[in-house]
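Residues in the sequence shown are numbered consecutively from 4, following the numbering used here.
Quick notes on the structure that follows.
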Amino acid sequence: MSFIPASFVLFLIQERVSKAKHLQFVSGVNPTVYWLANFLVLSVCQIQSKVTRYSGSFVALSAFHNFFPIILVIIYFFRWAITPMMYPASFVFSVPSTAYVVLTCINLFIGINGSVATFIMELLNDDVSDRQTHISHFIAIFPIHIRPFKMLCQSKCSKSQNGDDWRENEDFFPHKSKKHNYYYLSHRFSTVSRYPSCIKTNSFCVCQCFGLLGINGAGKTTTFKMLTGDIPVSMRDVHQNLGYCPQFDAINDLLTGQEHLEFYARLRGVPENEVAMVTKPSLGLVKYANKPAGTYSGGNKRKLSTAMALIGCPPVVFLDEPTTGMDPKARRFLWDCILSIIKEGRSVVLTSHSMEECEALCTRLAIMVNGQFKCLGSIQHLKNRFGDGYTLIVRVGGAPPALGPVEDFVSQTFPGSVLKEKHHNTLQYQLPHTPGALANIFGQLTVHQHRLAVDDYSVSQTTLDQVRAKHTFRAERTERGASLSQTGLV
Numbered sequence: 004m005s006f007i008p009a010s011f012v013l014f015l016i017q018e019r020v021s022k023a024k025h026l027q028f029v030s031g032v033n034p035t036v037y038w039l040a041n042f043l044v045l046s047v048c049q050i051q052s053k054v055t056r057y058s059g060s061f062v063a064l065s066a067f068h069n070f071f072p073i074i075l076v077i078i079y080f081f082r083w084a085i086t087p088m089m090y091p092a093s094f095v096f097s098v099p100s101t102a103y104v105v106l107t108c109i110n111l112f113i114g115i116n117g118s119v120a121t122f123i124m125e126l127l128n129d130d131v132s133d134r135q136t137h138i139s140h141f142i143a144i145f146p147i148h149i150r151p152f153k154m155l156c157q158s159k160c161s162k163s164q165n166g167d168d169w170r171e172n173e174d175f176f177p178h179k180s181k182k183h184n185y186y187y188l189s190h191r192f193s194t195v196s197r198y199p200s201c202i203k204t205n206s207f208c209v210c211q212c213f214g215l216l217g218i219n220g221a222g223k224t225t226t227f228k229m230l231t232g233d234i235p236v237s238m239r240d241v242h243q244n245l246g247y248c249p250q251f252d253a254i255n256d257l258l259t260g261q262e263h264l265e266f267y268a269r270l271r272g273v274p275e276n277e278v279a280m281v282t283k284p285s286l287g288l289v290k291y292a293n294k295p296a297g298t299y300s301g302g303n304k305r306k307l308s309t310a311m312a313l314i315g316c317p318p319v320v321f322l323d324e325p326t327t328g329m330d331p332k333a334r335r336f337l338w339d340c341i342l343s344i345i346k347e348g349r350s351v352v353l354t355s356h357s358m359e360e361c362e363a364l365c366t367r368l369a370i371m372v373n374g375q376f377k378c379l380g381s382i383q384h385l386k387n388r389f390g391d392g393y394t395l396i397v398r399v400g401g402a403p404p405a406l407g408p409v410e411d412f413v414s415q416t417f418p419g420s421v422l423k424e425k426h427h428n429t430l431q432y433q434l435p436h437t438p439g440a441l442a443n444i445f446g447q448l449t450v451h452q453h454r455l456a457v458d459d460y461s462v463s464q465t466t467l468d469q470v471r472a473k474h475t476f477r478a479e480r481t482e483r484g485a486s487l488s489q490t491g492l493v
């Protein structure tokens, strides 16, 4: 009676820690339905097992022949009473085994000490009978104390009396006692004090792939948690129109990949006759479809999480570093899926560490530093506005290569050029961005290439990596200066 109730929260804790519960809420599950379903399933499973377990023991005791139906009712209501006491613990513990041990000890403590206290009071004289009655009523609040076996411990019943002579203790028994097609994101989200007003975002456009770029700790995952409701914000109804692939895989190790897809397809309202077609395994998971998800590699788990986010064609899809751990073939297939989603008129919000991925998929991009957007716009706009111009790499021929004339030519022809690297026969310059600079660079180098003995050269625009590094460096320098000012060193 103490061990079984403690096991009720094990799976709930696992779902909360793995974010599987949150993913179900994002997919449209009502929290009331979630808890009620858990409660009813456990009730149905436990009724039969407890009745079977105790029936044999009670039949052997002649004192219980006349009270067997009542005892079964008590056991049944015990199950309904103890479960709500266990569920709140699912929010306290993060390790299921720890929760099981602690809750078992608590149940044992309440049950044993409550029984001992009332038993001792019954042994005392009549002067404390009233006090004993009040204590019994208080302890009766805890379901673990209400045991069917208490009938055998009544002071009015002895071994010589049979069941028909036993008088019922009345104090023992319980007293009678379709949606709008537009989506809006707030310009500013505020959350609980643990995340103090830390994220500032703008709206994103439909039919686009919006990229969110930033180093670890910049606030990308926190933004996704706020947008999907993991951190409480407003507009909960929008969750039913979201597909979400979290940074860490929110999957159930005991279910197969096919079962995961079927489950989330039904949650998103896919008609029953189309579930099999919609959940046809993709992203290279065909041969693993009927294997438990707990046996998947890290890359296959990411594939499954991404497939769960895309299933059911949600209007808005959030992908938090979806290609982490994927092989190149699956990554390219996912890119094609995202591009097809955009063409269908749906929206994608993507976070990634891959500059190549952002340039291939995103129509607009934001770079986040310390919880704030430092820049927002198309990729070309960000390169033009925040980039440092162009990178020129020149490889000079000859043995030994004559680098001096090339250096003099670049410094005179392109004012403001900066020599970044110099090797045996290679020079790398950073050239400033000016109107018509690109045409001027190619024109001058083409004319003087043979005179300077230049074997080959390349001109490239500032990369997204350089833009991100630039904003990150500025933020770190600002923070360092502020820290020194506070300590009085500046």
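We put the beta carbon where it would ideally sit given N, CA and C, even for glycine.
Anyone know if the C-beta pair for residue i and residue j falls short of 9 Å?
| i | j | result |
| --- | --- | --- |
| Pro-418 | Asp-391 | no |
| Pro-34 | Phe-28 | yes |
| Asn-303 | Leu-288 | yes |
| Ile-254 | Ser-97 | no |
| Leu-245 | Val-320 | yes |
| Tyr-460 | Gln-452 | yes |
| Asn-110 | Ile-73 | no |
| Pro-325 | Ser-355 | yes |
| Met-358 | Leu-448 | no |
| Asp-256 | Pro-318 | no |
| Leu-270 | Val-32 | yes |
| Leu-106 | Ala-9 | yes |
| Ile-444 | Val-462 | yes |
| Tyr-90 | Val-36 | no |
| Thr-429 | Val-397 | yes |
| Lys-386 | Thr-465 | yes |
| Cys-212 | Leu-342 | yes |
| Asp-233 | His-427 | no |
| Lys-306 | Ala-333 | yes |
| Trp-83 | Ser-30 | no |
| Ser-300 | Gly-272 | no |
| His-263 | Met-311 | yes |
For residue i, which of helix, strand or coil comes out of DSSP?
| i | result |
| --- | --- |
| Val-105 | helix |
| Tyr-432 | strand |
| Arg-335 | helix |
| Cys-466 | The sequence given here has Thr at residue 466, not Cys. Thr-466: coil per DSSP, three-state reduction. |
| Ile-370 | strand |
| Phe-321 | strand |
| Ser-355 | coil |
| Arg-191 | Bear in mind that a pLDDT of 38 at Arg-191, under 50, signals an unreliable position, so the number given afterwards is only what the model happens to contain. DSSP places Arg-191 in strand when its eight states are reduced to three. |
| Phe-81 | helix |
| Leu-215 | strand |
| Glu-347 | coil |
| Lys-423 | strand |
| Pro-72 | helix |
| Ser-461 | strand |
| Leu-230 | helix |
| Pro-438 | coil |
| Thr-259 | strand |
| Pro-34 | helix |
| Tyr-247 | strand |
| Pro-274 | coil |
Might you give, ordered along the chain, the residues of its own chain that have their beta carbon closer than 8 Å to the beta carbon of residue i, omitting 5 neighbours on each side?
| i | result |
| --- | --- |
| Ala-293 | The question names Ala, but residue 293 is Asn in the sequence shown. Within the same chain, Asn-293 has close Cβ partners Thr-259, Gly-260, Gln-261. |
| Ser-414 | Ser-420 |
| Lys-425 | Leu-406, Gln-431 |
Identify, in the order they occur along the chain, each residue of the same chain with its Cβ nearer than 6 Å to the Cβ of residue i, setting aside the five sequence neighbours on each side.
| i | result |
| --- | --- |
| Phe-94 | none |
| Gly-214 | Leu-353, Cys-361, Cys-365, Leu-368 |
| Ser-308 | Cys-248, Asp-252 |
| Asn-219 | none |
| Lys-423 | Gln-431, Gln-433 |
Ignore the nearest five residues each way along the sequence and tell me which others in residue i's own chain have a CB closer than 7 Å to its CB.
| i | result |
| --- | --- |
| Ala-268 | Val-278, Val-281, Thr-282, Ile-314, Gly-315 |
| Glu-265 | Val-278, Thr-282 |
| Ala-456 | Val-399, Gly-400, Gly-401, Ala-405 |
| Asp-330 | Gly-302 |
Stretch-stretch touch, CB-based, cutoff 8 Å, three pairs: the region 389 to 403 with the region 427 to 434: The region 389 to 403 is in contact with the region 427 to 434.
Touch test, the region 5 to 21 against the region 93 to 109, Cβ-Cβ under 8 Å, three pairs minimum: Per the Cβ contact rule, the region 5 to 21 is in contact with the region 93 to 109 (3 or more Cβ pairs under 8 Å).
Sequence ranges, alpha helix (DSSP H) only - wholly within the region 365 to 418, length at least 4: As far as the region 365 to 418 is concerned, its whole alpha helix (DSSP H) runs of at least 4 residues are 382 to 389, 407 to 416.
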